[in-house]
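**Student:** Residue numbers (the numbering used here), protein chains in the order written: chain A, -5 to 291; chain B, 597 to 896; chain C, 9 to 292. Where a beta carbon is used, it is the ideal one built from N, C-alpha and C, also for glycine. Everything numeric in this text was worked out from a predicted model, so none of it was measured.
1) Can you list, in chain order, the residues of its chain with a C-beta nearer than 7 Å to that of residue 150 of chain A? Leave out the 5 residues immediately preceding and following it.
2) For residue 663 of chain B and residue 650 of chain B, which I take to be in contact (beta-carbon distance under 8 Å), what is that distance rounded to the nearest angstrom?
3) Inspect the CB distances between the segment 759 to 778 of chain B and the segment 675 to 693 of chain B and report whether three or more fall short of 8 Å.
4) Identify the residues that DSSP records as bridge partners of residue 637 of chain B: which are they?
5) Quick one: which residues of the segment 648 to 667 of chain B get their C-beta closer than 7 Å to a C-beta of chain C? List them in chain order.
6) Between residue 605 of chain B and the rest of its own chain, which residues show a CB-CB distance below 6 Å, the 5 nearest in sequence each way excluded?
7) Could you check how far apart the C-beta atoms of residue 105 of chain A and residue 164 of chain A are, in whole angstroms? I think they sit under 8 Å.
8) Pick helix, strand or coil for residue 774 of chain B, following the three-state DSSP scheme.
9) Since residue 152 of chain A and residue 88 of chain A should fall inside the 8 Å C-beta cutoff, what is the C-beta to C-beta distance between them, to a whole number of angstroms?
10) Just reading off the beta strand (DSSP E) that residue 621 of chain B is part of, what are its end residues?
11) Counting pairs of Cβ atoms below 8 Å between the segment 70 to 86 of chain A and the segment 114 to 126 of chain A, do you hit three or more?
12) In the DSSP output, what is residue 139 of chain A paired with across the bridge?
13) Could you pull out every residue in the same chain whose Cβ sits closer than 8 Å to the Cβ of residue 872 of chain B, ignoring the five residues on either side in sequence?
14) Taking 8 Å as the CB-CB limit, is residue 720 of chain B close to chain C?
15) Can at least three beta-carbon pairs, one atom from the segment 218 to 237 of chain A and one from the segment 24 to 36 of chain A, be found at a separation below 8 Å?
16) May I ask you to report which of helix, strand or coil DSSP gives residue 709 of chain B?
17) Mapping the DSSP letters down to three states, classify residue 701 of chain B as helix, strand or coil.
18) Go through its chain and collect everything with a Cβ distance to residue 286 of chain C's Cβ below 7 Å, but skip five positions before and after it.
19) Is it the case that the Cβ atoms of residue 154 of chain A and residue 134 of chain A are separated by a distance below 8 Å?
20) Quick check on the burial criterion: 16 or more other C-beta atoms within 10 angstroms. Buried or exposed for residue 763 of chain B?
21) Excluding five sequence neighbours on each side, which residues of the same chain lie with their C-beta closer than 6 Å to the C-beta of residue 273 of chain A?
22) Less than 7 Å between C-beta atoms, sequence neighbours within five positions excluded: which residues of the same chain meet that for residue 874 of chain B?
23) According to the neighbour-count rule (16 or more other Cβ atoms, all chains shown, within 10 Å of its Cβ), is residue 610 of chain B buried or exposed?
24) Quick one: residues in its chain with C-beta nearer than 7 Å to the C-beta of residue 217 of chain C, no 5 flanking neighbours on either side, listed in chain order?
25) In the DSSP output, which residue or residues are listed as bridge partners for residue 829 of chain B?
26) For a contact defined as C-beta to C-beta under 7 Å, what are the partners of residue 704 of chain B on chain C?
27) What in chain B is Cβ-close to residue 201 of chain C, meaning under 8 Å?
28) Against chain A, with Cβ distances strictly below 8 Å, would residue 231 of chain C count as a contact?
29) Please report how far the alpha carbon of residue 77 of chain C lies from the alpha carbon of residue 68 of chain A, in whole angstroms.
30) Alpha carbon to alpha carbon, what distance is there between residue 65 of chain C and residue 220 of chain C?
31) Contact criterion: CB-CB distance below 8 Å. Does residue 257 of chain C meet it with respect to chain A?
32) Using 10 angstroms around the beta-carbon of residue 108 of chain A, count the other beta-carbons present and answer buried if the total reaches 16, otherwise exposed.
33) Under three-state DSSP, which class holds residue 200 of chain C?
34) Could you check the C-alpha separation between residue 638 of chain B and residue 175 of chain C for me, to the nearest Å?
35) Taking Cβ-Cβ distances shorter than 7 Å, what residues in chain C pair up with residue 686 of chain B?
36) What are the boundary residues of the beta strand (DSSP E) that includes residue 612 of chain B?
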């Protein structure tokens, strides 16, 4: 329409930025409740070092209290407030999950970058093939063996979760790299004389990196559930975790049902919120088909 | 041209609002009037964003749903199109109207074979169809049997457009909307496409509404031409009038705007600011029209 | 045909062997290095009789495997067809509704269910564990002389429900994602311009093109389902392969751990093998 009238450069740059922010408005809006939830979980001072063994130690005269206005979720057998405990336990689980998922994504990127910078594209194919073969082992089986046999230390849990996240992610990242390399602009860049390293770092890598926050947001709830599953099975060492609380509380299910049910419901609510938010974030950031992350190709 | 009293397509004082890039509303069409008689070929020419594609898409029923008709009406064979829902407009595209667009705005499925495409067309037409081999022949597709097993992606672009024309002939459409169909064809192919449109019109009485980005070759195929500028019709008339004696400097310079490969950047033809300002005044002040009776736009 | 079969068989065998070696290495590493156990995986003394905690009466490892395997088999027999049927059906319907905005209110439950994988886990475990099958009087009055073992199937169904729910949620998402990618292709615009309506575009073109990709998803839920079994069987105190794995880890009993994990790996490899037979993977 305005073929012969051009806006000034700064005006155009501002409009461009405004358009970009407007396109990302959904993702930006979704990040706020996400961060608020994480902040609330992680806030609050520690009330001493509470371990599940102490929490649920058998007592002659149990001092637990039913849920009332002072203790929203009731108390444990030892008298500790269940709401605060659940919150700290969830904070721990979410932190572990966030750490493990970040580590896993980093590991997968590292592994894939080996093959992507390779001139002869078949030298590091074995990474892909290994990932595909090991995909036959269910992740929780490997995690259970690793943490259960090793005593349930935090390092094992994080390392195990990171490996379980990284392994199926490798073929997916490889596919994204290959997809990015198939564009016409890459061909043009190659013809123009750019080296493979420049092409990959400058043109192929940025779209892949742009999709990673969505992958992260989608994987965190799954990692939280995995960590809770492991602690439910009893492979958490002495750590405070919602899974351990639910497992121990099952013994008191008839007399004091709040000990097993309320932490479970709290954890359900947090995972639900994280999962819904994470899905919307990944849709807003246009990550692409999410379940591919967990798909065996 | 046309001595028939009933117009096939009638656009009366149409004003349409469209959303811009950042969400602000712009006027896409300003009080545009147009009438198309059966068997007539009308070309709409103009720059990108001048409203010609918007008008063609509104006629075909594939306009952006966010486009709002502020005033005026579009009537196809007496029935108004402006109030209808998309489903009703879909029924129009399955028979009476055929749209042939550029590959960018209506990409075709590359893996489909021509045979599958033909089966779809015959199913959509539901009975009252013409012999497809006949239609292929009249669209310029020789050896139709050899064409059937080939994939749409393997056809030449001109052949894909010809398939669209053949579809119009098979289902017996009365109007063909060629929306920038020449945009992804080279000049010779584009000329061939327009020639086949004329032949199809002569043979079956198909009316054509074609939009082009330039005035190149309009004198050879169009009965009437309308030059669009910023949402309104700047001037209109027979191609000879437009080309030989244009009323506005803009039209003259628009027609001359065809850079040579040998031109240096500073020699590229541009349209002068004065011509653009004159055209703006003409379009924004008066209602402009292209109808069967008058052959020039009103005086500003 | 035979060549394709043998090729797939070889690939499946190699995958299973790789998984087996990885599992052996994992067991060795986790029990010996951080766990501090003196037993190594290659030592014969590490493999003894079935511990009494794993079986109520003296059993051999083969019998234990058969018993637990049939229990888990009942659960899987209920879960896998349910997940596939409901996952595919709900996913296709959900993709159709969400893509074309018909009754977007109807599509909301699809979306809500599909994006909450495994949230059933924590809530249901806490509640259902009350009804664990060993509770006296629970369906114990049902005496069936001849015919199917209804009690066993009922118990299997109780475990199968949350497992299937989680699997269905993930499968719906995967199927809907594949279909949404297919309907977002540029030529759906071309079909729309040519006069095809939403049903024709979705069922006639997009779904037909997506069939190979959808068939590739057929074996996708199985590893996740098996992982879910590992958690939910001990929760419901159901004597299946998942409980065998967890109890063996707790007892430090290598034969149980290896048997259970190798059978899971074998199941997953078998599923992938069958799927690759039916839908040949694209040549890399």
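**Tutor:** With the given structure in hand:
1) Residue mapping note: residue 150 of chain A aligns to position 156 of the first chain, counting from 1. So the list reads 140, 141 and 144, once near-sequence residues are dropped.
2) For the purposes of this step, residue 663 of chain B is taken as residue 67 along the second chain, with counting starting at 1. For the purposes of this step, residue 650 of chain B is taken as residue 54 along the second chain, with counting starting at 1. 7 Å between Cβ atoms; contact.
3) Here the segment 759 to 778 of chain B lies against the segment 675 to 693 of chain B, with 3 or more beta-carbon pairs under 8 Å apart.
4) Translated into positions along the second chain, residue 637 of chain B becomes position 41. Per DSSP, B:804.
5) Residues passing the 7 Å Cβ filter: 658.
6) In the second chain, the residue the question calls residue 605 of chain B occupies position 9. Hits under 6 Å: 632 and 672.
7) If you number the first chain from 1, residue 105 of chain A lands on position 111. If you number the first chain from 1, residue 164 of chain A lands on position 170. About 5 Å separates the beta carbon of residue 105 of chain A from that of residue 164 of chain A, a gap short enough to meet the 8 Å contact definition.
8) One-based indexing of the second chain puts residue 774 of chain B at position 178. In this structure, residue 774 of chain B counts as strand in the three-state DSSP scheme.
9) On the first chain, position 158 is the one that residue 152 of chain A refers to. On the first chain, position 94 is the one that residue 88 of chain A refers to. Actually they do not touch by this definition, with Cβ atoms about 13 Å apart.
10) Residue 621 of chain B sits at position 25 when you count from the first residue of the second chain. Run containing residue 621 of chain B: 621 to 632, per the beta strand (DSSP E) assignment.
11) No, they do not touch.
12) As a working mapping, residue 139 of chain A is identified with position 145 in the first chain. None, per the DSSP bridge assignment.
13) In the second chain, residue 872 of chain B corresponds to position 276, counting from 1. Within the same chain, residue 872 of chain B has close Cβ partners 846.
14) Numbered from 1 along the second chain, position 124 holds the residue referred to as residue 720 of chain B. Answer yes: the Cβ-Cβ gap between residue 720 of chain B and chain C drops below 8 Å somewhere.
15) no
16) In the second chain, the residue the question calls residue 709 of chain B occupies position 113. In the structure shown, residue 709 of chain B sits in a strand (DSSP, three-state: E or B).
17) By one-based count along the second chain, residue 701 of chain B stands at place 105. Correct three-state label for residue 701 of chain B: coil.
18) The residue given as residue 286 of chain C occupies position 278 in the third chain. Cβ neighbours of residue 286 of chain C beyond the five flanking positions: 223.
19) Translated into the one-based positions of the first chain, residue 154 of chain A becomes position 160. Translated into the one-based positions of the first chain, residue 134 of chain A becomes position 140. Contact flag unset, no.
20) Here residue 763 of chain B is taken as the residue at index 167 of the second chain, counted from 1. Residue 763 of chain B should be labelled buried.
21) As a working note, residue 273 of chain A is residue 279 in the first chain. Nothing listed; no residue qualifies.
22) Here the question's residue 874 of chain B lines up with position 278 in the second chain. Excluding residues within five positions, the ones whose Cβ falls inside 7 Å are 844, 845 and 846.
23) Reading the second chain from its first residue, position 14 is the one you call residue 610 of chain B. Counting of Cβ neighbours within 10 angstroms places residue 610 of chain B among the buried residues, the total reaching 16 or more.
24) Position 209 of the third chain, counting from 1, holds the residue named residue 217 of chain C. Closer than 7 Å at Cβ, skipping near neighbours: 190.
25) On the second chain, residue 829 of chain B is found 233 positions in, with the first residue counted as 1. Paired residues: B:824.
26) The residue labelled residue 704 of chain B in the question sits at position 108 within the second chain. Going along chain C in sequence order, the residues near residue 704 of chain B (Cβ under 7 Å) are 195 and 198.
27) One-based indexing of the third chain puts residue 201 of chain C at position 193. Those within 8 Å of residue 201 of chain C in chain B are 656, 658, 689, 695, 697, 701 and 702.
28) Residue numbering aside, residue 231 of chain C sits at position 223 when the third chain is read from its first letter. True, the Cβ-Cβ gap to chain A drops below 8 Å.
29) Along the third chain, one-based indexing puts residue 77 of chain C at 69. Along the first chain, one-based indexing puts residue 68 of chain A at 74. Going by the C-alpha atoms only, they are around 41 Å apart.
30) By one-based count along the third chain, residue 220 of chain C stands at place 212. By one-based count along the third chain, residue 65 of chain C stands at place 57. Going from the Cα of residue 220 of chain C to the Cα of residue 65 of chain C covers about 49 Å.
31) The residue you call residue 257 of chain C lines up with position 249 of the third chain. So, interface residue.
32) Position 114 of the first chain, counted from the start, is the residue given in the question as residue 108 of chain A. Residue 108 of chain A should be labelled exposed.
33) By 1-based counting over the third chain, the position of residue 200 of chain C is 192. It is helical.
34) If you number the second chain from 1, residue 638 of chain B lands on position 42. If you number the third chain from 1, residue 175 of chain C lands on position 167. Each residue's Cα considered, the two are about 59 Å apart.
35) Translated into positions along the second chain, residue 686 of chain B becomes position 90. 203 and 205, listed in chain order.
36) As a position in the second chain, residue 612 of chain B is number 16, starting the count at 1. Run containing residue 612 of chain B: 605 to 615, per the beta strand (DSSP E) assignment.
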